[in-house]
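Asks: Could you have a look at this structure, given as C-alpha cells, before my questions?
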Amino acid sequence: MGSPLVSPARIASLKGRTPTIATLCSHSSLQIFHGARLEGFPTLGIAGGAAPRFYDAFPLARPDRFLTVPRIKDLPTVVDQLRDAGVILIPHGSFVEYLGAEEFGKLDVPVFGNRAVLAWEADRRKSREWLESAGATMPKRFEDASEVDGPVIVKYYGAKGGKGFFLAKNREALEDFRPTGPYVIQEYVLGTRYYMHFFYSPISDRGYRVGTGSLELLGMDRRDEANIDELYKLGAQEELLRAGIRPTFVVTGNVPVILRESLLPKAFEIAAKIVERSIELFGGMWGPFCIEGIMTEELEFKVFEISTRIVAGTNLFISGSPYSDFIEPQLSTGRRIAQEIHRATAAGRLAEVLS
Ligand code: AMP
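FYI, in our numbering the residues of the sequence shown are 2 to 356.
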C-alpha cells in the first residue's frame, strides 16, 4: 500500500459522505461531468461570471449545480463553500492556466492527482530533467545558435499555443531570428506527432504493473494546429517569411489516431519509466497524463512535452477508444477518473489518490 501524500485535515471535508466531483466549466468539463454522472457522483460546475448556457444543450454532461465567482482568479475566496459541498476538484489544462499553477497548488480543497507535479510540468527545464532522467529521448537542445546543425524550432518560455515560435531550416536561416524574450532553441524533429493518453492508478492490482499499481492507455490523438497545419499550401517558408507570415501552433481541435501496434511496447516502456521517476522525484503522478512526442522515420519516439492531467484530446473518446475498449466498453478518461475515486473509496484508500 502506498503512503498518502494528503493530510487528514485537507480531506476532512469528505468524511462519511459521497464526494461531489467539481471542475472549471471549460476544456474537458463535459466529459468529466458525464463520467462522474455515469459513476453515480453529484457534480458541480465552477464558472467565472454567469453559468455557461451551452450545458443546456448537453443534458447528460450538465453539472447538477453551478458555483459562480466574478472571475476564476476569485476562486480562493470560495474555498469554504467548496469544502462545505464536499468537493473533489478535477484539474484540467484551462483550470490550472486560468487560476495560475501556484494559486491552484495552494487551494485548500481535495484535488484528484498529485498537485506537486505542477511545479515540474510548468518549468521547461524541470520537466526536461524529469523526462530525461527517466530515460526518455527529447529533442536536442542547443545552448547557442552556433551549435545548430539542422532544422530547429525556437520556443519562447511559457509561450501559450506556440505563438511566436520560430522555425529555421538550418543555422543560416536562424540568423533572421530576432528574439523578443527568453527562448530555447530545440531540434525540429521530423516525423509524425502522437499525443498518448495514459492513466496511472497507484491502487490497481491488475493490468500492466508499474510502481504500486498499473498503467493504462486510454486513447491517442493528434492536435490540429493553426496555422502550421495548412501553411504549406501557401508555398515555401522563406517566401512566407518575406511576406511577414509566421508559423503558429495554436491548438484548434483534435483528431483521433492510433499507433502501429508494434510500437505500443515502446510507448508503454517510456510511460512506465516516467511514472517510476515521478515517484522518486516528487511522490508520484497518478490519474491521467499525456505524453506528447514525434515518431521519427527511424521509429524513435522523441518526447517534446508532458501534460500531467486530463488533456482535451480525450474529448474524442467519450464512448471509448480503440485502446480503452480493450479495458472496458464506454470508458472515457473522465469516467476513469470517477471510477478511480470510487475504487479508492471502496478500498479505504481515497487519501492515496488525492492531494
Ligand atoms: P509545445 O508548446 O512544446 O507543446 O509545442 C507546440 C507544438 O509545436 C507541438 O504540438 C508541435 O506541433 C510543435 N513542436 C514542438 N516541439 C517540436 C519539436 N521539437 N519538433 C517539431 N515540432 C515541435
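The beta carbon of each residue, even a glycine, is placed where N, CA and C say it ideally should be. Note that the coordinates shown come from a computational prediction; the quantities given were computed from them, not determined experimentally.
Just to confirm, are G49 and I73 a CB contact at a threshold of 8 Å?
Replies: In this structure, I73 lies closer than 8 Å to G49 by Cβ.
Asks: Residue ranges of each alpha helix (DSSP H) run of no fewer than 4 residues wholly in the segment 43-97, ordered along the chain?
Replies: Qualifying alpha helix (DSSP H) stretches, in chain order: 80-85.
Asks: Roughly how far, in whole angstroms, is the beta-carbon of A227 from the beta-carbon of T253, given that I think they are within contact range, below 8 Å?
Replies: About 5 Å; that satisfies the 8 Å criterion.
Asks: If you run the structure through DSSP and keep just helix, strand and coil, what is A273?
Replies: Note: A273 maps to helix in three-state DSSP.
Asks: Looking at the secondary structure, which residues open and close the alpha helix (DSSP H) in which R38 lies?
Replies: Taken as a continuous stretch (DSSP letters only), the alpha helix (DSSP H) holding R38 covers 30-39.
Asks: Helix, strand or coil: which one does DSSP assign to N115?
Replies: Note: N115 maps to coil in three-state DSSP.
Asks: Closest by CA to L100, which one among E239, L216, S27, I295?
Replies: Per the Cα distances, S27.
Asks: Check whether the Cβ of F250 lies closer than 7 Å to any heavy atom of the ligand AMP, and answer yes or no.
Replies: Yes, the Cβ of F250 comes within 7 Å of a heavy atom of the ligand AMP.
Asks: Report the partner residues of E226 according to the DSSP bridge assignment.
Replies: E226 pairs with V252.
Asks: Check whether the Cβ of R194 sits closer than 7 Å to any heavy atom of the ligand AMP, and report yes or no.
Replies: Yes, since a heavy atom of the ligand AMP falls inside the 7 Å radius drawn around the Cβ of R194.
Asks: CB R350 to CB E40, shorter than 8 Å?
Replies: No, Cβ-Cβ distance for R350 and E40 is not below 8 Å.
Asks: Ends of the beta strand (DSSP E) at R194?
Replies: R194 -> beta strand (DSSP E) spans 193-202.
Asks: Looking at the unbroken alpha helix (DSSP H) that takes in F105, where does it start and where does it end?
Replies: Its alpha helix (DSSP H) spans residues 102-107.
Asks: Check whether the Cβ atoms of I271 and F290 lie closer than 8 Å to each other.
Replies: In this structure, F290 does not lie closer than 8 Å to I271 by Cβ.
Asks: Report yes if the C-beta distance between P183 and Y158 is below 8 Å; otherwise report no.
Replies: Yes. Within cutoff.
Asks: Rounded to the nearest angstrom, what separates I47 and D57 at their Cα positions?
Replies: I47 and D57: Cα-Cα distance of roughly 15 Å.
Asks: May I ask you to report which of helix, strand or coil DSSP gives P257?
Replies: P257 falls in the strand class under three-state DSSP.
Asks: Start and end of the alpha helix (DSSP H) containing S134?
Replies: 125-134 is the span of the alpha helix (DSSP H), which, as asked, contains S134.
Asks: Taking the alpha-carbon positions, what's the N316 to Q32 distance?
Replies: C-alpha separation (whole angstroms): 6 Å.
Asks: To which residues does DSSP link P289 through a beta bridge?
Replies: In DSSP, P289 forms a bridge with F200.
Asks: Check whether the Cβ of I295 sits closer than 7 Å to any heavy atom of the ligand AMP, and report yes or no.
Replies: Indeed, a heavy atom of the ligand AMP lies less than 7 Å from the Cβ.
Asks: Between the segment 237-254 and the segment 201-219, are three or more C-beta pairs nearer than 8 Å?
Replies: Because the criterion of three Cβ pairs below 8 Å is not met, the segment 237-254 and the segment 201-219 do not touch.
Asks: Under 8 Å Cβ to Cβ from F166, same chain only, skipping five residues before and after it: list those, please.
Replies: Around F166: I154, V155, K156, Y157, A160, P248, T249, F250.
Asks: CB-CB under 8 Å to M2, same chain, minus the five flanking residues each way: which ones, in chain order?
Replies: No answer about M2 holds up, because its pLDDT of 46 lies below 50 and its placement is not dependable.
Asks: Can you give me the start and stop residues for the beta strand (DSSP E) that I311 sits inside?
Replies: Neither: I311 is in no beta strand (DSSP E) and is coded neither H nor E.
Asks: Assign E103 to buried or exposed, taking buried as 16 or more other Cβ atoms, counted over all protein chains shown, within 10 Å of its Cβ.
Replies: Its Cβ having fewer than 16 others within 10 Å, E103 is exposed.
Asks: Between the C-alpha atoms of V80 and D222, what's the straight-line distance to the nearest angstrom?
Replies: Near 35 Å, if we compare the C-alpha coordinates of D222 and V80.
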